[in-house]
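A.B. asks:
There are 2 protein chains.
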Amino acid sequence: MALVVQKYGGSSLESAERIRAVADRIVATKKAGNDVVVVCSAMGDTTDELLDLAASVNPVPPQRELDMLLTAGERISNALVAMAVNSLGAQAQSFTGSQAGVLTTERHGNARILNVTPGRLQESLDEGKICIVAGFQGVNKDTRDVTTLGRGGSDTTAVALAAALNADVCEIYSDVDGVYTADPRIVPNARKLEQLSFEEMLEMAAVGSKILVLRSVEYARAHNVALRVRSSYSNDPGTLVSGSMEDIPMEDAVLTGVATDKSEAKVTVLGIPDKPGEAAKVFRAIADAEINIDMVLQNISTVENGITDITFTCPREDGPRAVEILSKLSREGNWSQVLYDDQVGKVSLVGAGMKSHPGVTADFTEALRDAGVNMELISTSEIRISVLLRESDLEKATRALHDRFDLGGDEDVTVYAGTGR
Amino acid sequence: MALVVQKYGGSSLESAERIRAVADRIVATKKAGNDVVVVCSAMGDTTDELLDLAASVNPVPPQRELDMLLTAGERISNALVAMAVNSLGAQAQSFTGSQAGVLTTERHGNARILNVTPGRLQESLDEGKICIVAGFQGVNKDTRDVTTLGRGGSDTTAVALAAALNADVCEIYSDVDGVYTADPRIVPNARKLEQLSFEEMLEMAAVGSKILVLRSVEYARAHNVALRVRSSYSNDPGTLVSGSMEDIPMEDAVLTGVATDKSEAKVTVLGIPDKPGEAAKVFRAIADAEINIDMVLQNISTVENGITDITFTCPREDGPRAVEILSKLSREGNWSQVLYDDQVGKVSLVGAGMKSHPGVTADFTEALRDAGVNMELISTSEIRISVLLRESDLEKATRALHDRFDLGGDEDVTVYAGTGR
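These protein sequence lines map, in sequence, to chains A and B.
Just so we're aligned, residue 1 is where the first sequence starts under my numbering, counting upward by one.
Just so we're aligned, residue 422 is where the second sequence starts under my numbering, counting upward by one.
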C-alpha cells in the first residue's frame with residue numbers, strides 16, 4: 001500500500017462543483033489501494049477577498065491578526081473537501097495546520113516549518129481514514145499562535161507532510177497538467193516533460209516557471225520527496241520531479257526548457273569610483289532594505305579612468321524603493337546618476353544536458369542574433385543561461401530558443417491559465 | 422478598574438464600516454479605564470453562506486466538519502476587529518475559542534461549555550491588551566477537536582468568559598437597544614426597560630423574546646453575571662439584566678412586558694382511551710423523536726365515556742414529523758384522529774409583579790375578550806401567563822394586553838429589525 005499526498009490549489013477548489021470533482025479523485029485514489037493525505041489551498045479568490053477586507057479596516061494590519069484571518073480560508077476549503085469526500089461514502093477527517101502537527105517559527109506571514117509531528121494524521125490513516133489538511137498554515141512552536149507560511153505555503157505544507165509521513169509521492173494539482181518546455185501561451189508546440197531532476201526544476205522555478213514555488217522544490221529535494229505536477233481537470237500523469245541530476249547518465253541528459261520572466265526591473269548606477277568598497281556600498285544598502293537582487297554586472301572601467309558603472313536586476317515592486325535608496329547614496333558619494341528601467345524581460349534556457357553539450361552558449365547567442373534580439377545582461381549557472389532583454393522582445397526570443405534547441409513536440413497544446421497558491 | 426466583556430452580533434459586524442464603528446466603541450471603553458474582552462459573532466450572513474456551501478457539497482455534512490467550517494466565520498470577524506482596534510492605536514490580540522480556553526463536551530454542533538481556562542486572556546489583559554475572542558466555538562476537552570455551541574453560542578461564550586474572568590458586566594450588542602415591554606413593530610409605544618431580573622428575562626426569552634437566548638441567560642443567572650443589552654448603533658445605556666426577583670421589594674415589583682411567538686404549531690390527538698398510560702404513549706413517542714413540547718392540554722373526558730383528547734404545541738418545523746409519528750400510533754391504538762394547525766400564535770405576559778397583584782389573570786382574559794380574541798390554550802408560571810390563539814389575532818391581542826396593563830411609554834419608538842446570532 002502506497003501513501004500518496006495530494007495538494008489542490010485554489011483554482012481546483014473554486015466552486016462546489018470543483019470540490020466535488022476533487023473529492024471524486026481523492027476517493028478514487030483511496031479505492032486504488034492507497035493511503036491518502038490531502039492538502040487544500042483556500043477556494044479561488046478567497047485569500048484576495050480576505051486581504052481586501054483587512055485593508056479596509058486597517059491599511060497595515062498586524063501580521064499576527066492577518067494570519068488569523070487568512071488561515072480561515074484554508075479551514076473553509078478543508079472542511080468542504082472533507083464533507084464532499086464523506087458524501088461519497090469514504091471516511092475523511094479534516095485537520096488544521098496545528099492539528100496536523102505543522103510547527104513553525106514565530107515569523108507571522110512568512111513562517112518556516114521547524115518540525116512536523118503528524119501523530120494525529122498517522123492515527124487517522126491507521127483507522128483507514130483520508131486526512132484533509134489545511135495548507136499554508138502552522139502553529140508557532142512556543143506561543144501556539146497561528147502562523148502562515150508565505151507564498152507557495154500550501155505546496156510547502158504538502159511536501160513537509162510527505163517527508164514526515166515518508167510518502168511515496170506528493171502530487172501537486174492545479175489547472176496546469178505538468179511542466180512544459182516553455183509557456184504554451186508563447187510557444188504553441190511546447191512539450192510537456194515526463195520527468196526532470198530536482199536541480200532542473202529548481203533552476204526553472206528560480207527563473208520564472210510558476211508551476212512550483214522554489215521553496216517547496218528545495219524542501220522536496222532536501223528530503224527526497226518525489227513530486228508529481230498534475231492537473232485536477234484531467235487524468236494525465238503529469239510531470240515527475242525527482243532524483244538528482246547526478247543520477248542521469250551523461251548521454252541521456254537533455255535540455256529541460258525555456259523559462260520567461262517579466263517580474264524584474266533593471267537598476268544602473270553610473271559613475272562610481274572603481275575602488276574597493278564602493279560597489280559593496282551599493283549592495284549593502286540594497287540588502288539592508290531586504291531587496292533581493294538577481295543578475296549583476298559591473299562594467300570594465302571606462303576611458304575616464306577609475307570610474308565604473310554597476311547594473312543589477314531586482315523585483316519590479318521593489319524597484320522604486322531601490323532607486324530612492326541609491327539616489328540618496330549617489331548624492332552623498334558624488335556618483336553621477338541612477339537609471340531605472342522596468343521594460344525588461346528575462347529568458348533562460350535550463351537543462352542538465354548543458355554540461356555535456358559544448359556550444360550551447362554559442363547556439364543560444366546566435367539564435368537571439370538571428371531573431372534580431374539584443375542582449376543586455378547575461379548570467380549563467382552550471383545548467384542554465386539567462387539573458388536580460390527588452391520586454392517587447394521576450395516572446396520572440398523564447399520562440400527562437402525553443403526552436404533552435406528543438407524542444408518542441410509535434411502538436412500544439414491547449415493554452416492554460418494561471419495557477420493557484 | 423472594571424472588567425467589561427462586550428459581545429457583538431453579526432449585524433453589528435456586517436461590513437468594514439460597521440467593524441470600524443465597533444472598534445471605536447471598544448477603544449472608548451478601554452480609554453474610559455476598563456479592561457476589555459470582546460466576543461465576536463460571524464459577520465452578517467457569513468454563517469448562512471457557509472451552510473449553503475456545505476449543503477452544496479454534502480446534503481448531510483458530518484457535524485465535526487460542519488464545526489470546522491462554521492468556526493471560520495468567527496475567526497474572520499475576530500481578526501478583522503482586532504486589526505481595526507489596532508489601527509486606532511490600541512493594542513488588541515485575537516483568540517480562537519480554543520486559545521481562550523473554552524473547553525466543551527464533544528457534541529459537535531451543540532456542545533456545552535465544561536470549563537473556561539482563560540489563562541492566556543488574563544496574561545494579555547495584564548499586559549494592557551484588549552482581548553478579541555471568537556464566539557460560538559470551543560474545543561473538545563479530550564480530542565482537541567473544534568466544536569460549536571449551537572444557537573446563541575456567541576452570547577454564551579461572552580457570559581462564560583465574563584463568569585470565568587469575574588467581569589463586572591457583560592454587554593450584549595446587537596441592532597436592538599434594549600429589552601422592550603413588547604415588540605415595537607407591533608406596539609409602537611412599547612417602552613424600553615431599564616432593568617429586569619434574571620427570572621423575568623428567562624421567562625421573556627422562553628416565550629418568544631429574541632433579544633437574548635435562553636441558554637445564555639441561564640448561564641448568567643447561574644454565575645450571577647450582570648448582562649446589559651445594548652445597541653451598537655447608539656450610546657443608549659440599554660437594559661440591565663441582573664439580580665434575583667427575590668431581591669425586588671414586593672411593592673416595587675411590576676409587570677415586565679408582553680412577548681409574542683409565531684414559531685409553534687398545535688397538534689391534537691382525538692379519541693384516546695382515558696386510562697393510565699395512553700397519554701404517556703403520546704409524549705414518549707414525541708420525546709424519542711427529540712421534539713420539544715411547550716403547552717399541553719388534556720380535555721375532560723367527553724360524554725362518550727372513557728375517551729379523551731390531548732392537545733400540545735411544538736416548534737412548527739417539527740410539526741409534520743410529530744403528526745407522522747402520532748398518526749402511526751393512532752392507527753395502532755385505534756385513536757380517532759390527529760389534527761394539525763400551524764396558524765396559531767402565542768402571547769405571554771411576564772412580570773414579577775404578578776405574584777403580588779391578584780387579578781392579573783382576570784384582567785388578562787377580560788382584555789382579550791374585549792378585543793374579541795378567542796383563547797385556545799392557557800399555561801402559566803409564577804410570573805407568566807401565556808395563551809395560544811389564532812395567529813391572525815396575535816398583534817391585536819398584544820396591543821390589547823400592553824394597553825390594559827399600562828406598559829407603554831409616552832412616545833412611539835423607532836422600529837428595529839432582527840438580531841444577530
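For each residue, glycine too, the CB sits at the ideal point set by N, CA and C.
Is it a yes or a no for the stretch 747-755 of chain B touching the stretch 763-776 of chain B, going by three-plus beta-carbon pairs under 8 Å?
C.D. replies: Verdict: no, contact absent.
A.B. asks: For residue 678 of chain B, does the count of other Cβ atoms within 10 angstroms reach 16, so buried, or fall short, so exposed?
C.D. replies: Classification of residue 678 of chain B: buried, given that the 10 Å Cβ count is 16 or more.
A.B. asks: If you measure from the beta carbon of residue 36 of chain A to each beta carbon in chain C, is any gap under 8 Å?
C.D. replies: This model lacks chain C altogether, as its protein chains are A and B.
A.B. asks: What span of residues does the beta strand (DSSP E) with residue 320 of chain A cover, start to end?
C.D. replies: Looking at the DSSP string, residue 320 of chain A is not in any beta strand (DSSP E); the run it does join, the alpha helix (DSSP H), is 319-333.
A.B. asks: How long is the line joining the alpha carbons of residue 447 of chain B and residue 459 of chain B, rounded to whole angstroms?
C.D. replies: If you take the alpha carbons of residue 447 of chain B and residue 459 of chain B, they lie about 8 Å apart.
A.B. asks: Taking contact to mean at least 3 C-beta pairs separated by less than 8 Å, is the stretch 192-203 of chain A in contact with the stretch 232-243 of chain A?
C.D. replies: They touch, by the three-pair rule.
A.B. asks: At the level of alpha carbons, what is the spacing between residue 74 of chain A and residue 457 of chain B?
C.D. replies: Roughly 30 Å separates the two Cα atoms.
A.B. asks: Can you list the residues of chain B that residue 87 of chain A reaches, using a CB-CB cut of under 7 Å?
C.D. replies: The answer, in chain order, is 478, 479.
A.B. asks: Mind reading off the beta-carbon distance from residue 397 of chain A to residue 371 of chain A? Whole number of angstroms is fine, and I expect it under 8 Å.
C.D. replies: The pair is a contact, with the Cβ atoms about 6 Å apart (cut-off 8 Å).
A.B. asks: With DSSP run on the structure shown, which of helix, strand or coil describes residue 410 of chain A?
C.D. replies: Coil, per DSSP.
A.B. asks: For a minimum of 3 consecutive residues, which ranges assigned as the beta strand (DSSP E) are wholly contained in the stretch 154-237 of chain A?
C.D. replies: Listed in chain order, the complete beta strand (DSSP E) runs (minimum 3 residues) inside the stretch 154-237 of chain A are 169-174, 227-231.
A.B. asks: Can you name the residues of chain B whose CB is closer than 8 Å to the CB of residue 78 of chain A?
C.D. replies: Ordered by position in chain B, the residues that pass the 8 Å Cβ test against residue 78 of chain A are 489.
A.B. asks: Whole angstroms are fine: how far does the CA of residue 821 of chain B sit from the CA of residue 787 of chain B?
C.D. replies: Cα to Cα, the separation comes out at about 10 Å.
A.B. asks: Kindly say whether residue 838 of chain B, judged by its beta-carbon, lies nearer than 8 Å to any beta-carbon of chain A.
C.D. replies: Here residue 838 of chain B scores only 45 on pLDDT, less than 50, and its place in the model should not be relied on; the value that follows carries that caveat. Not closer than 8 Å to any Cβ of chain A, the Cβ of residue 838 of chain B fails to qualify, so no.
A.B. asks: In the DSSP assignment, what residue or residues form a beta bridge with residue 385 of chain A?
C.D. replies: Per DSSP, A:349, A:380.
A.B. asks: Are the beta-carbon atoms belonging to residue 169 of chain A and residue 132 of chain A less than 8 Å from one another?
C.D. replies: No, they are not a contact pair.
A.B. asks: Can you pull the chain A neighbours of residue 515 of chain B, defined as C-beta to C-beta under 9 Å?
C.D. replies: The answer, in chain order, is 64, 65, 68, 69.
A.B. asks: In the DSSP assignment, find the unbroken beta strand (DSSP E) run with residue 452 of chain B in it and report its ends.
C.D. replies: Premise fails: residue 452 of chain B lies in the alpha helix (DSSP H), 437-452, not in any beta strand (DSSP E).
A.B. asks: Cutting at 6 Å between CB atoms, please list the residues of its own chain near residue 879 of chain B, excluding the five before and the five after it.
C.D. replies: The first residue shown for chain B is 422 and the last is 842, placing residue 879 of chain B beyond what the model contains.
A.B. asks: Per DSSP, residue 266 of chain A is paired with what?
C.D. replies: According to DSSP, residue 266 of chain A bridges with A:313, A:341.
A.B. asks: Could you check whether residue 279 of chain A and residue 325 of chain A sit closer than 8 Å to each other, using their CB atoms as the reference points?
C.D. replies: It is not a contact, given that the beta carbons lie outside the stated cut-off.
A.B. asks: Please identify, using Cβ separations under 9 Å, the residues of the stretch 438-463 of chain B that lie next to chain A, in order along the chain.
C.D. replies: Flagged, chain order: 438, 440, 441, 444.
A.B. asks: Can you name the residues of chain A whose CB is closer than 8 Å to the CB of residue 579 of chain B?
C.D. replies: Within 8 Å Cβ-Cβ: nothing; residue 579 of chain B doesn't reach chain A, min ~19 Å.
A.B. asks: Thinking residue 507 of chain B and residue 106 of chain A are a contact (beta carbons under 8 Å), I'd like their distance in whole angstroms, please.
C.D. replies: Residue 507 of chain B to residue 106 of chain A, Cβ: 18 Å. No contact.
A.B. asks: For residue 694 of chain B, write down the residues that DSSP places opposite it in a beta bridge.
C.D. replies: According to DSSP, which records beta bridges pairwise, residue 694 of chain B is partnered with B:728.
A.B. asks: Could you have a look at residue 120 of chain A and say whether DSSP puts it in helix, strand or coil?
C.D. replies: Residue 120 of chain A falls in the helix class under three-state DSSP.
A.B. asks: Give every residue of the same chain whose Cβ lies closer than 7 Å to the Cβ of residue 624 of chain B, excluding the five residues on either side of it in the sequence, and list them in chain order.
C.D. replies: For residue 624 of chain B, where only same-chain residues beyond five positions count, the Cβ hits under 7 Å are 771, 802, 804, 805.
A.B. asks: Should residue 12 of chain A and residue 154 of chain A be called a contact, given that it needs their Cβ atoms to be closer than 8 Å?
C.D. replies: The answer is no: Cβ separation not under 8 Å.
A.B. asks: In or out: residue 482 of chain B buried (at least 16 other Cβ within 10 Å) or exposed?
C.D. replies: It is buried - the Cβ of residue 482 of chain B has at least 16 other Cβ atoms within 10 Å.
A.B. asks: I want to see whether chain B comes within less than 8 Å of residue 420 of chain A, judged by CB atoms only; does it?
C.D. replies: With a pLDDT of only 36 at residue 420 of chain A, under 50, the local geometry of the prediction cannot be trusted, and no value is derived from it.
A.B. asks: If you draw a straight line from the alpha carbon of residue 500 of chain B to that of residue 515 of chain B, how long is it in whole angstroms?
C.D. replies: Near 6 Å, if we compare the C-alpha coordinates of residue 515 of chain B and residue 500 of chain B.
A.B. asks: From which residue to which residue does the beta strand (DSSP E) around residue 296 of chain A run?
C.D. replies: Unbroken beta strand (DSSP E) run through residue 296 of chain A: 296-298.
A.B. asks: Which of the three DSSP states is assigned to residue 283 of chain A in this structure?
C.D. replies: Three-state result, residue 283 of chain A: helix.
A.B. asks: On the CB-based measure, 16 or more other CB atoms within 10 Å of its CB, does residue 510 of chain B come out buried or exposed?
C.D. replies: Per the 10 Å Cβ criterion, exposed.
A.B. asks: From the DSSP output, which residues share a beta bridge with residue 109 of chain A?
C.D. replies: Answer is none; residue 109 of chain A lacks a bridge partner.
A.B. asks: Using the beta-carbon of each residue, which ones in chain B are nearer than 8 Å to residue 82 of chain A?
C.D. replies: Neighbours of residue 82 of chain A on chain B, chain order: 483, 486, 489.
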